[in-house]
Amino acid sequence: MKTLLYFTLTLCALAFGACRSNAVETNVATSQTDSNQSFTTTERGFERISSNVELPKNITLSDAPEDVALNDKIAQIVDKSEFRNARWGVFVVSLNDARVLAAQDAQKLFNPASIQKLLTTAVALDKLGAEYRWRTSVVATKAIDANGTLNGDLIIYGRGAPDFDSKQLAELAKQLKDKGLRKVTGDIIGDESYFNADALGNGWIWNEAQWYYGAEPSALTFNNNEITISVVPDEKDSTTVKVIPELDFVKVVNKSAILQPNQPESVGIKRGIENNEFYVWGSVSRKGFGARVALSHPSIWAASELKKTLEKNGVTISGATKSADWKSDDKTDIATATELASVESKPLSEIVKLTNKRSVNLYAELMLRTLGRNFGAEAPDVDAKITATRGDDNAGASVISKWLKDKGVSVDDTIIYDGSGLSRLDFISPETFGRFLIAALKTKHSDTFKDSLPIAATDGTLGGRLSKHKGKIIAKTGSETYVNSLAGYAENKNGEIVAFAIFCNNETRKGDAVRTIDEIASAIAEFPVSSDTDKNQR
223 MKTLLYFTLT
233 LCALAFGACR
243 SNAVETNVAT
253 SQTDSNQSFT
263 TTERGFERIS
273 SNVELPKNIT
283 LSDAPEDVAL
293 NDKIAQIVDK
303 SEFRNARWGV
313 FVVSLNDARV
323 LAAQDAQKLF
333 NPASIQKLLT
343 TAVALDKLGA
353 EYRWRTSVVA
363 TKAIDANGTL
373 NGDLIIYGRG
383 APDFDSKQLA
393 ELAKQLKDKG
403 LRKVTGDIIG
413 DESYFNADAL
423 GNGWIWNEAQ
433 WYYGAEPSAL
443 TFNNNEITIS
453 VVPDEKDSTT
463 VKVIPELDFV
473 KVVNKSAILQ
483 PNQPESVGIK
493 RGIENNEFYV
503 WGSVSRKGFG
513 ARVALSHPSI
523 WAASELKKTL
533 EKNGVTISGA
543 TKSADWKSDD
553 KTDIATATEL
563 ASVESKPLSE
573 IVKLTNKRSV
583 NLYAELMLRT
593 LGRNFGAEAP
603 DVDAKITATR
613 GDDNAGASVI
623 SKWLKDKGVS
633 VDDTIIYDGS
643 GLSRLDFISP
653 ETFGRFLIAA
663 LKTKHSDTFK
673 DSLPIAATDG
683 TLGGRLSKHK
693 GKIIAKTGSE
703 TYVNSLAGYA
713 ENKNGEIVAF
723 AIFCNNETRK
733 GDAVRTIDEI
743 ASAIAEFPVS
753 SDTDKNQR
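Below, the structure is given as structure tokens:
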């Protein structure tokens, strides 16, 4: 996305599509079984799918006539003249016998976009376990006295829970009230210092940070760190900007106006890089306009909400609301603090499913930082100086890289900078991604990983795609400006399961690229085996 000082409505719409989709999830049942393959296709996708195949270090394309035909078919699709400026990479491998069915620039490096989330979620499941939960606490450095007074600050301390929200915060407030809290003489502090990491991911475009899909991966994430800015016409033939929900610390300067006849609708929204001041301008139709935007330092939101909730329950708060991060001098020493209340997140298995079905960047980034915080010491950098100063995000990237190498996956210069694929510095080859898809099926929580993938024409970001192959393809989509991708598993007409990865970089016509990717995926799913004899030999 071009770096601009301001966004028009057109650019806003482009930005909203990057690396995330809000496809409506549905559950449509199908059923398919095959005696030669360990899987069942149901409303959840491939009920069981596994593979014990091993790819050699140096791969060769299958020379079976039907395999050659598939590779040629994909080459014909890729070589369309309208895509002469784009870079395409494809890799398709059988899970029956490790035949490489297709390879187009399979060892070249590509930016993966959101299929990067598959690496992050698979490693998180393998390292943390499907039942892992994040804990959010309210702590204090002093005890509540006999009169119910806390003579000091009350701190809400996050550890990276992706789903911490108003409902869980209300539970924390209830626990505090039940403990007899009646008064706090100090401040309410939202502490996000658990992660030693920057607010923006490495290689993110700075002006994407204001949109919901670029929300800060704060250790004290709250309500997805996003709000809605709504611009509506009022009775005076001008406009009013509403912040949903209303937040005292969010400031809006409204310079928008009602759309005049023969004037195109064009609305711009700009947020400061490290504050929560929004500037709105442009022309708005009488239907109004709304946009989902991200907050800077969302920990202040959690602190403000806790203060309001406690006050509604009769607790007196003498101080203000503040936030603290890893750079703050007054960040909490959690080792010496006393926990007064706590809640836990949903299990990782559920978070992974949401992450991959809906392509939620924020959740993937929180997993990355959690991996770095917990396992970074196991994955030191070659340069000890870098290891000593890197943040939890960089450490998490090293954990994923080490996992790939330990599983024998990395065969090229794979470069990982973030967990979601929003970074323009991530690079991986189609072949490496195919090897990863095989390795992921050999992990303890492979079923959980597989169940998290969108199902063709059924749910998630594939809900409206590949209708001819409903339930026959489970795959993660990837989309950001000039990048599209698709990676996962497909069942062909003869029941053979294949892993595939499709990359398109430097394509300026996003819709055309997606249609072509789906055409390639369809060719893979429609791939026939030439004879029953060949099939039985596999």
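The opening residue of the sequence shown carries number 223 in the working numbering; numbering runs sequentially from there.
We put the CB at the ideal spot given by N, CA and C, even for glycine.
Tell me the residue span of the alpha helix (DSSP H) that contains residue i.
| i | result |
| --- | --- |
| residue 342 | 338-350 |
| residue 594 | 583-597 |
| residue 623 | 614-628 |
| residue 763 | Only positions 223 to 760 of the chain appear in this structure, which leaves residue 763 out of reach. |
| residue 432 | Neither: residue 432 is in no alpha helix (DSSP H) and is coded neither H nor E. |
| residue 656 | 652-662 |
| residue 543 | Where residue 543 is concerned, there is no enclosing alpha helix (DSSP H), although the beta strand (DSSP E) it sits in stretches over 543-546. |
| residue 523 | 521-534 |
| residue 607 | 606-611 |
| residue 448 | Run containing residue 448: none in the alpha helix (DSSP H); it sits in the beta strand (DSSP E), 448-455. |
What residue from the options has the CA that sits closest to residue i's CA?
| i | options | result |
| --- | --- | --- |
| residue 196 | 626, 577, 498 and 523 | The question about residue 196 has no answer, for the chain in this structure spans 223 to 760. |
| residue 709 | 399, 700 and 433 | 700 |
| residue 706 | 688, 643, 747 and 690 | 643 |
| residue 734 | 612, 715, 302 and 277 | 302 |
| residue 281 | 633, 518, 352 and 450 | 633 |
| residue 716 | 307, 300, 316 and 305 | 316 |
| residue 466 | 485, 515, 460 and 424 | 515 |
| residue 386 | 342, 414 and 351 | 414 |
| residue 340 | 606, 589, 538 and 402 | 589 |
| residue 684 | 297, 697 and 673 | 697 |
| residue 674 | 337, 649, 299 and 731 | 337 |
| residue 300 | 722, 319 and 738 | 738 |
| residue 749 | 726, 512, 682 and 722 | 722 |
| residue 284 | 332, 324 and 296 | 324 |
| residue 573 | 344, 321, 318 and 319 | 344 |
| residue 591 | 668, 347, 619 and 453 | 619 |
| residue 442 | 541, 585 and 608 | 585 |
| residue 631 | 649, 659, 614 and 638 | 659 |
| residue 500 | 321, 711 and 469 | 469 |
| residue 498 | 517, 603 and 384 | 517 |
| residue 578 | 682, 511, 463 and 553 | 682 |
Pop quiz: residue i and residue j are said to be a contact at Cβ under 8 Å. What is the actual Cβ separation, rounded to whole angstroms?
| i | j | result |
| --- | --- | --- |
| residue 565 | residue 393 | 5 Å |
| residue 525 | residue 549 | Not a contact, Cβ separation roughly 17 Å. |
| residue 520 | residue 438 | 6 Å |
| residue 693 | residue 677 | 6 Å |
| residue 406 | residue 506 | With 8 Å as the limit, residue 406 and residue 506 do not qualify as a contact, their Cβ atoms being about 42 Å apart. |
| residue 594 | residue 615 | 6 Å |
| residue 641 | residue 342 | 4 Å |
Over what stretch of residues does the beta strand (DSSP E) that includes residue i continue unbroken?
| i | result |
| --- | --- |
| residue 564 | 560-566 |
| residue 721 | 719-727 |
| residue 670 | Element bounds for residue 670: not the beta strand (DSSP E) but the alpha helix (DSSP H), 668-673. |
| residue 493 | 488-493 |
| residue 413 | 410-413 |
| residue 684 | From DSSP, residue 684 is part of no beta strand (DSSP E); its letter is neither H nor E. |
| residue 571 | Per DSSP, residue 571 belongs to no beta strand (DSSP E); it is in the alpha helix (DSSP H), 570-580. |
| residue 473 | 473-480 |
| residue 362 | 357-362 |
| residue 466 | 461-466 |
How would you call residue i, buried or exposed, if buried means at least 16 neighbouring beta carbons within 10 angstroms?
| i | result |
| --- | --- |
| residue 493 | buried |
| residue 746 | buried |
| residue 653 | buried |
| residue 527 | buried |
| residue 400 | exposed |
| residue 689 | exposed |
| residue 486 | exposed |
| residue 672 | buried |
| residue 367 | exposed |
| residue 587 | buried |
| residue 460 | exposed |
| residue 261 | Because residue 261 carries a pLDDT of 40, less than 50, the predicted location of this residue cannot be relied on, and the following value inherits that uncertainty. Buried is the call here. |
| residue 668 | buried |
| residue 411 | buried |
| residue 353 | exposed |
| residue 742 | buried |
| residue 509 | exposed |
| residue 611 | exposed |
| residue 225 | Its pLDDT being 36, under 50, residue 225 is placed unreliably in this model, and the value from its coordinates should be taken loosely. Classification of residue 225: exposed, given that the 10 Å Cβ count is below 16. |
| residue 702 | buried |
Taking 7 Å as the cut-off, is the CB of residue i close to at least one heavy atom of the ligand HEM?
| i | result |
| --- | --- |
| residue 518 | Judged by which ligands are present, the structure shown has none, so any question about the ligand HEM falls away. |
Pairing CB atoms from the stretch 349-363 with CB atoms from the stretch 373-383, are three or more of them under 8 Å?
yes
Do three or more CB pairs link the stretch 292-312 to the stretch 324-335 at distances below 8 Å?
yes
Should the stretch 393-408 be called in touch with the stretch 427-441, which here means at least 3 C-beta pairs below 8 Å?
The answer is no - the stretch 427-441 does not touch the stretch 393-408, with fewer than three Cβ pairs under 8 Å.
Using 8 Å as the cut-off, can you tell me whether the stretch 528-536 makes contact with the stretch 472-480, which would need three or more C-beta pairs spanning the two stretches below that distance?
Judged by Cβ distances under 8 Å, the stretch 528-536 makes no contact with the stretch 472-480, as fewer than three pairs qualify.
Spell out a yes or no on whether the stretch 271-279 and the stretch 290-299 are touching, meaning 3 or more CB-CB pairs, one atom from each, closer than 8 Å.
no
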